[in-house]
Amino acid sequence: MPTHPTAADLSRQLADNVEAFCRRYLSNGYRSGRWWCVGDVHNTEGGSMYVRLTGPSQGKGARGKWTDGATGEHGDLLDVIRLQRGADWKEALTEARAFLSLPPPPETERARPIPEARDTSEAARRLWRYGRSLTGTQAAAYLRSRGLEHALGLPVLRFHPRCLYRASRKHPGPDTWHPALLACVTDLSGAVTAVGRTWLAADGRGKADLPKPRRVLGNLIGHGVRFPGTVMDLMVAGEGVETVLSLHRLMPVVPHVAALSAGHLGALILPPGLRHLYIARDADEAGERGAATLRRRAEAAGILVSELIPREDDFNRDLCHLGPRDLALHLAPQLDGNDAVAHLRFEEAAAA
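If you want it as structure tokens, here you go:
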């Protein structure tokens, strides 16, 4: 064995100190029997993510392994540190050594790559192929109810008439099937890596009455639901599909991307050639954290960053309550003056 721990060794040592790790990095959670429960890997309050506190050091049922029932993501404690730090492996290894009070490695060390978690991207691609046009479906009714009828023809959205919903450990029960809006998650090359699922009520006028009516299947980290535009040096990035579509309605020539959660917003991989990034954050603590992480990474890459802040909780709520004209009035002062004049469809919003 080498004189300094490899990444796999660090992962095992973190697992040997799993409860102390959770109390430090997942402090908004709580112990429940053999599990530590928290909202997600970014330490949000809640209970959809489960960390195993007991079990063998490796193999099936190993301590330190975690699963997020809301997104399907899973991994070990080193993955928690990596995701909290914007998917940076070098920084994660440094932080793990600091937590374990280990000396830094020799400068000549080359960290052994960590085996990737089970990839569910192919299952996501199969699900996406099952999707069909939104026309005349509950998904179309749902988007219209959110003021997003302009999105009905967008190719990154599809409808599944009977999408499986699996019960979770926290909310046990039988598996059920519901209509669902599918959103295609892609990488910068356009390859499908994941699919976001929003289960809908039978009439499409809202989400299904489920504990977690939104989930993601596949590899979401760094990727997003992309709404392309023709202005290639600008981009708007936000959390949810409805939030981003609300701004896309007013600035359709600007590329938009939905990261699907505040934590994944911070890990978003930015395209080359980007000059100015607008971060459309939700008005809550998680939204602030995700926006701050993305801002740091973008500014370190020399990208100009501006934040767009909603009047209420998020921009879709603004669109529904204010209407497109008043949302445009709220948005205009937050944009660069030239961008507002060139790209904000104020006249169309005023006529809506």
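Note that the working numbering gives residue 72 to position 2 of the sequence shown, counting from 1, and the numbers run on in steps of one.
Even glycine gets a Cβ: it sits at the ideal position worked out from N, Cα and C.
In this text, all values refer to a predicted model and were calculated from it rather than measured experimentally.
Express the C-alpha separation of residue j and residue i in angstroms, rounding to a whole number.
i    : j    : result
R195 : L172 : 42 Å
L397 : L389 : 6 Å
G117 : E309 : 20 Å
T190 : V411 : 43 Å
D354 : W198 : 31 Å
R239 : H230 : 25 Å
G360 : R351 : 8 Å
Y120 : W136 : 5 Å
L344 : L374 : 9 Å
G139 : D146 : 15 Å
D110 : I151 : 12 Å
L153 : H144 : 11 Å
What is the DSSP secondary structure of residue i, counted as helix, strand or coil?
i    : result
A272 : coil
T246 : strand
T300 : coil
S215 : helix
T263 : strand
G372 : coil
H220 : helix
G407 : helix
P225 : coil
R236 : coil
P283 : coil
In chain order, what residues of the same chain have a beta carbon less than 6 Å from the beta carbon of residue i, not counting five sequence neighbours either side?
i    : result
L96  : V108 and N113
Q208 : P249, L270 and G274
P126 : A132
V311 : A253, V295 and A328
L258 : P341
If you drop the 5 nearest sequence neighbours on each side, which residues of the same chain put their C-beta closer than 7 Å to that of residue i?
i    : result
R156 : The sequence shown places Gly at residue 156, not Arg. Counting only Cβ-Cβ distances below 7 Å, and skipping sequence neighbours, we find G336, A337, T363 and R367.
A237 : G243, P244 and D245
A221 : L213, L227 and L315
Y200 : H230
H241 : P281
A264 : S191, A194, V255, V286, L287, G288, N289, L290 and H293
R216 : E312, N386 and C390
Please return the same chain residues whose Cβ sits closer than 8 Å to the Cβ of residue i, not counting the five positions on each side in sequence.
i    : result
R232 : W247, H248 and P249
Report yes or no: do three or more beta-carbon pairs, one from the segment 150-166 and one from the segment 243-258, lie closer than 8 Å? Inter-segment contact for the segment 150-166 and the segment 243-258 is absent: fewer than three beta-carbon pairs are separated by less than 8 Å.
Just list the beta strand (DSSP E) runs in the segment 305-356, keeping only unbroken ones of 3 residues or longer that don't cross its boundaries, in chain order. List check, beta strand (DSSP E) in window: 326-328 and 346-350.
Is the segment 306-318 in contact with the segment 369-387, if contact means three or more CB pairs nearer than 8 Å? Enough Cβ pairs lie closer than 8 Å, so yes.
Between the segment 297-309 and the segment 272-287, do three or more beta carbon pairs fall short of 8 Å? Too few Cβ pairs lie closer than 8 Å, so no.
What ranges does the beta strand (DSSP E) occupy inside the segment 125-181, keeping only unbroken runs of at least 3 residues that lie completely in it? Counting only runs of 3+ residues, the beta strand (DSSP E) found wholly inside the segment 125-181 occupies 136-138, in chain order.
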